[in-house]
Amino acid sequence: MPAGKKILIGISGSIAAYKICSLVRDLVRSGAEVQVVLTPSAAQFVTPLTLSTLSGRPVYTHLVKNEEGEWVNHVALGLWADLIIIAPCTAHTLASMAHGHCDHLLLATVLSARCPVAFAPAMDHDMYLHPATSANIQTLLERGYHMIPTEHGELASGLVGEGRMAEPETLLAWIREFLIGEPLWEGSRVLITAGPTREALDPVRYISNRSSGRMGIALAEVLADRGAHVELVYGPGDQVCRHPGVRVHRVETAVQMQEVCRGLSDACQLLIFAAAVADYRPALVSTNKIKKTEGPLTLSLVPNPDLLSEAGHHKNPGQRVVGFALESNNEEENALTKLKAKKADMIVLNSLNQEGGAMDAESMSVRILTPDHATLDIPSSPKRQLAESMVHAMIRLWGRPQNGGWSALVILFLVFFGLSQPTRVSAQELNCQLTINPGRVGGADQQFYANMQQALTTFVNGQKWTEDVFSFQERINCSINIMLDERITGNQFKATVQIQSSRPVYNSSYSTVLFNYTDPDWIFEFNEFQPMEFNPNQHSSNLLALLAFYANIVVGLDYNTFGKESGMVYLRRAQQIVLNAQNAVEIGWRQNQSLRNRYWLAELLNNPAYKPFHASLYEYHRQGLDQMYKPERIIEARRKMLGALEKLHDVNRSKPGGMLIPLYLKGKLPEIVGFCSKALPAEKAKVVEQLVAMDPINQAEYNRINAAGTGSGGIGGGGAGGGK
Ligand code: CTP
Numbered sequence: 045m046p047a048g049k050k051i052l053i054g055i056s057g058s059i060a061a062y063k064i065c066s067l068v069r070d071l072v073r074s075g076a077e078v079q080v081v082l083t084p085s086a087a088q089f090v091t092p093l094t095l096s097t098l099s100g101r102p103v104y105t106h107l108v109k110n111e112e113g114e115w116v117n118h119v120a121l122g123l124w125a126d127l128i129i130i131a132p133c134t135a136h137t138l139a140s141m142a143h144g145h146c147d148h149l150l151l152a153t154v155l156s157a158r159c160p161v162a163f164a165p166a167m168d169h170d171m172y173l174h175p176a177t178s179a180n181i182q183t184l185l186e187r188g189y190h191m192i193p194t195e196h197g198e199l200a201s202g203l204v205g206e207g208r209m210a211e212p213e214t215l216l217a218w219i220r221e222f223l224i225g226e227p228l229w230e231g232s233r234v235l236i237t238a239g240p241t242r243e244a245l246d247p248v249r250y251i252s253n254r255s256s257g258r259m260g261i262a263l264a265e266v267l268a269d270r271g272a273h274v275e276l277v278y279g280p281g282d283q284v285c286r287h288p289g290v291r292v293h294r295v296e297t298a299v300q301m302q303e304v305c306r307g308l309s310d311a312c313q314l315l316i317f318a319a320a321v322a323d324y325r326p327a328l329v330s331t332n333k334i335k336k337t338e339g340p341l342t343l344s345l346v347p348n349p350d351l352l353s354e355a356g357h358h359k360n361p362g363q364r365v366v367g368f369a370l371e372s373n374n375e376e377e378n379a380l381t382k383l384k385a386k387k388a389d390m391i392v393l394n395s396l397n398q399e400g401g402a403m404d405a406e407s408m409s410v411r412i413l414t415p416d417h418a419t420l421d422i423p424s425s426p427k428r429q430l431a432e433s434m435v436h437a438m439i440r441l442w443g444r445p446q447n448g449g450w451s452a453l454v455i456l457f458l459v460f461f462g463l464s465q466p467t468r469v470s471a472q473e474l475n476c477q478l479t480i481n482p483g484r485v486g487g488a489d490q491q492f493y494a495n496m497q498q499a500l501t502t503f504v505n506g507q508k509w510t511e512d513v514f515s516f517q518e519r520i521n522c523s524i525n526i527m528l529d530e531r532i533t534g535n536q537f538k539a540t541v542q543i544q545s546s547r548p549v550y551n552s553s554y555s556t557v558l559f560n561y562t563d564p565d566w567i568f569e570f571n572e573f574q575p576m577e578f579n580p581n582q583h584s585s586n587l588l589a590l591l592a593f594y595a596n597i598v599v600g601l602d603y604n605t606f607g608k609e610s611g612m613v614y615l616r617r618a619q620q621i622v623l624n625a626q627n628a629v630e631i632g633w634r635q636n637q638s639l640r641n642r643y644w645l646a647e648l649l650n651n652p653a654y655k656p657f658h659a660s661l662y663e664y665h666r667q668g669l670d671q672m673y674k675p676e677r678i679i680e681a682r683r684k685m686l687g688a689l690e691k692l693h694d695v696n697r698s699k700p701g702g703m704l705i706p707l708y709l710k711g712k713l714p715e716i717v718g719f720c721s722k723a724l725p726a727e728k729a730k731v732v733e734q735l736v737a738m739d740p741i742n743q744a745e746y747n748r749i750n751a752a753g754t755g756s757g758g759i760g761g762g763g764a765g766g767g768k
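This note's numbering numbers the first residue of the sequence shown as 45 and each following residue consecutively.
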């Protein structure tokens with residue numbers, strides 16, 4: 045739940061206003077601060093008194109607060125909020141927002157807001173479907189407003205149809221997801237130790253340290269926000285954690301902390317040891333106050349149990365253990381030693397040498413270390429933000445936590461979530477499944493083809509195609525299937541090659557094919573026992589040049605979807621490889637002048653007219669496809685994908701006849717037909733026209749889009765919702 049977030053709820057005059065009371069209550073319960081603003085007509089449906097009681101804050105309706113003429117500062121309200129939600133949003137309020145009117149406080153606040161604004165329409169069927177309303181919605185979406193889709197159902201008029209406001213639970217889920225992301229930790233249990241421990245010397249004195257417990261509490265809140273049930277074992281600090289998803293166990297000493305942890309840890313999938321546990325405790329605790337003497341006092345101390353080490357050495361199969369290392373010298377070396385000795389899965393290194401470095405600091409920078417030498421630096425940030433980055437890093441490294449452990453599904457694109465640097469791993473960026481299919485030419489020479497497959501696989505996967513550093517989850521999957529059509533001479537072959545690449549869809553369990561191309565006329569030599577040397581600038585082997593060319597395209601296209609423009613550098617390299625191969629005096633592509641396709645491709649890749657091609661891929665995948673699985677985002681996601689296709693069409697118009705776009709569309713054909721089939725009739729007609737213009741060969745396939753009915757959901761995704 046969005047603890048600590050500031051949400052302004054604007055209510056306009058619809059019968060659905062009464063439903064907002066429970067939304068306000070649930071948001072406040074979950075720790076959010078809620079400010080309600082009513083339009084004058086909304087006050088007739090729901091009273092300001094009810095809402096101010098539920099929100100615990102005064103409710104505003106007018107620009108002037110009272111008869112004394114006290115002004116309500118709408119600019120300050122807009123600045124205060126992390127998110128503004130207009131729910132219910134009537135047709136009139138929607139139109140006013142679209143046209144920039146500001147004749148009451150809510151409209152003035154929206155107009156001066158700097159935070160994201162979302163609206164949940166609520167109106168009758170015909171009003172909702174009226175072209176004027178559609179145009180207003182379109183205007184707001186184009187300005188970056190977010191729409192919480194309506195539902196189909198019973199309306200205030202008694203009719204059943206579109207325009208019914210989303211239910212409060214849907215609104216709450218939308219807000220949570222918008223502000224804090226997916227509840228990825230729902231159903232998982234987490235144990236966190238936090239704060240100092242206090243080891244008594246006598247009834248009034250103790251040994252302790254400066255730890256405040258802020259870091260552990262921030263982690264507890266971030267994880268609970270994402271749905272985890274957190275057991276916080278907190279030493280004697282004075283911070284407070286009131287999050288409903290966190291159960292706090294107060295302890296004083298290391299031994300007490302150990303006992304509580306032992307009782308809880310088995311049921312938890314994630315154990316985080318953020319407490320600054322005293323390493324030693326007095327051997328004897330004096331029952332009486334220790335008296336001052338003339339001479340020096342020597343204290344005898346015994347070691348405390350090491351909680352992290354105990355957990356690390358007795359880990360259940362499904363558990364992950366995270367520790368901290370506070371270091372003042374040889375920081376990384378010491379932290380790695382702790383990681384190993386305590387059998388942790390992650391150590392968060394916090395250096396005392398950083399500016400303001402102290403255990404009770406408000407902000408700090410950390411370096412995350414893991415046993416497989418992945419490191420991630422998180423720059424100095426307040427502890428709450430730091431906790432968010434750490435939690436992202438855990439998901440990134442280990443995937444989604446589940447009851448029995450961690451799922452294999454690994455979440456991509458966490459750079460998108462604001463991590464400062466990708467996790468550095470030495471994983472090879474291309475994970476290529478290369479097969480040699482000897483077909484008719486195979487005969488008895490099985491071993492020869494097996495060796496060829498082995499050698500080419502080693503070549504493709506062994507090259508460093510990019511200088512960029514991928515995290516291991518970003519590894520690009522591709523397959524290259526070389527079907528041998530003819531053995532021209534002993535070592536010379538003619539082949540048809542199928543190249544396909546895909547990447548997992550963010551936050552989902554399925555992959556999307558980015559590239560699927562059949563290249564019919566490869567002619568190459570393979571010399572079984574000759575070493576395959578490859579220099580990207582001097583191609584002596586036609587075969588390696590071909591493989592390198594496609595490897596670069598695959599890396600470029602796939603990588604491109606990780607960020608705007610990011611694939612360009614590899615695509616340029618692909619072009620260079622082709623140019624070099626063309627110029628090679630030996631067996632280069634020059635020999636195969638008829639194979640114009642590769643030259644064209646290479647030329648297109650580097651043509652400035654194709655720059656928007658890469659931008660549109662980004663829009664299609666990141667803003668469209670990756671959002672499709674969320675029912676409340678389907679409409680917006682589909683709009684983005686259609687917009688991206690329109691951009692591709694523009695590119696195609698400015699540079700007609702190129703192969704790059706048809707090649708891309710060919711790879712995406714089933715997906716495009718699938719999602720466009722759910723589009724609105726006007727959208728369908730337009731997109732089919734664009735697709736046919738770009739790729740006339742597939743006209744019949746694209747015509748299937750027009751034939752399919754309009755609907756909603758999944759890769760299809762369309763339809764609108766409804767409002768009472
Ligand atoms: N820790 C623990 N129990 C202890 C000591 C430490 O659980 N008795 C955990 C801390 O919560 C932290 C990690 O171990 O996650 C490392 O703590 P730190 O104080 O940096 O290291 P120590 O092992 O105490 O070693 P040193 O003080 O010598 O650096």
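All C-beta atoms, glycine included, are put in the ideal place defined by N, C-alpha and C. Predicted model, so just to flag it, every value in this text is computed and none were measured.
| Item | Value |
| --- | --- |
| Below 8 Å on the Cβ atoms is my contact criterion, and I expect GLU676 with PRO193 to pass it. Report the Cβ-Cβ distance as a whole number of Å. | 6 Å |
| Counting along the chain, where does the alpha helix (DSSP H) carrying ASP421 start and finish? | Per DSSP, ASP421 belongs to no alpha helix (DSSP H); it is in the beta strand (DSSP E), 419-426. |
| With 16 as the cutoff for other CB atoms within 10 Å, does TRP115 come out buried or exposed? | exposed |
| Would you mind sorting GLY100 into buried or exposed? The rule is 16 or more other CB atoms within 10 Å of its CB. | exposed |
| Classify GLU230: buried if its beta carbon has 16 or more other beta carbons within 10 angstroms, exposed otherwise. | exposed |
| Report all residues from its chain with a CB closer than 6 Å to the CB of ARG286; omit the five preceding and five following residues, and keep chain order. | none |
| My output table needs one value for ASP168: the three-state DSSP class, helix, strand or coil. | coil |
| Closer than 8 Å is the cut-off here; do at least three beta carbon pairs connect the segment 273-290 with the segment 421-440? | no |
| Going by beta carbon distance, what residues of the same chain come within less than 8 Å of GLN398, once the five residues before and after it are set aside? | MET408, SER409, SER424 |
| Alpha carbon to alpha carbon, how far is VAL527 from VAL731? | Rather than Val, the amino acid found at residue 527 in this sequence is Met. Cα-Cα distance, rounded: 35 Å. |
| Which of the three DSSP states, helix, strand or coil, is assigned to PRO564? | strand |
| In its own chain, which residues sit with a C-beta less than 6 Å from the C-beta of TYR561, not counting the 5 before and 5 after it? | ILE543, LEU707 |
| When the Cα of GLN582 is compared with those of THR556, TYR594, TRP566, GLN626, which residue comes out closest? | GLN626 |
| DSSP on ILE59, reduced to helix/strand/coil? | helix |
| Assess, as a yes-or-no matter, whether the segment 206-220 is touched by the segment 248-264 under the definition of 3 or more beta carbon pairs within less than 8 Å. | no |
| Are the segment 195-204 and the segment 674-693 in contact at 8 Å, needing three or more beta carbon pairs? | no |
| For GLN582, which three-state DSSP category applies? | strand |
| Taking only three categories from DSSP, how would you classify GLU733? | helix |
| Please report the residue range of the alpha helix (DSSP H) in which GLN122 lies. | For the record, residue 122 in the displayed sequence is Gly; it is not Gln. First-last of the alpha helix (DSSP H) with GLY122: 118-124. |
| Beta-carbon within less than 6 Å of GLY702's beta-carbon, same chain only, minus the 5 sequence neighbours each way: which residues are those? | LEU648 |
| Run through the DSSP bridge pairs and tell me what LEU314 is partnered with. | VAL234, ARG364 |
| Out of GLY48, VAL72, ILE520, VAL78, state which residue places its alpha-carbon closest to the alpha-carbon of GLY54. | VAL78 |
| Where do the N-terminal and C-terminal ends of the beta strand (DSSP E) with VAL695 fall, by residue? | Where VAL695 is concerned, there is no enclosing beta strand (DSSP E), although the alpha helix (DSSP H) it sits in stretches over 678-698. |
| Going by C-alpha distance, which of VAL485, GLY260, LEU661, LEU138 is nearest SER178? | LEU138 |
| Alpha carbon to alpha carbon, what distance is there between PRO132 and ALA142? | 16 Å |
| Less than 7 Å separating the Cβ of GLY281 from some heavy atom of the ligand CTP? | no |
| Quick check: is any heavy atom of the ligand CTP less than 7 Å from the C-beta of ASP323? | yes |
| Put ALA471 into one of helix, strand or coil per three-state DSSP. | With a pLDDT of only 41 at ALA471, under 50, the local geometry of the prediction cannot be trusted, and the value read off the model is given with reservation. It is coil, neither helix nor strand. |
| With respect to 7 Å, is the separation between the Cβ of ALA318 and the closest non-hydrogen atom of the ligand CTP below this value? | yes |
| Taking 7 Å as the cut-off, is the C-beta of PHE368 nearer than that to any heavy atom in the ligand CTP? | yes |
| Looking at ALA385 and SER353, is the spacing between their C-beta atoms short of 8 Å? | yes |
| Quick one: measure Cβ to Cβ for PHE559 and GLY711, integer angstroms, because I've assumed they're closer than 8 Å. | 5 Å |
| Just mark GLN88 as buried or exposed, buried being the case when its beta carbon has 16 or more other beta carbons within 10 Å. | exposed |
| So who's on the other strand from VAL274, going by DSSP bridges? | VAL234, VAL290 |
| Are the beta-carbon atoms of LEU420 and LEU383 separated by less than 8 Å? | no |
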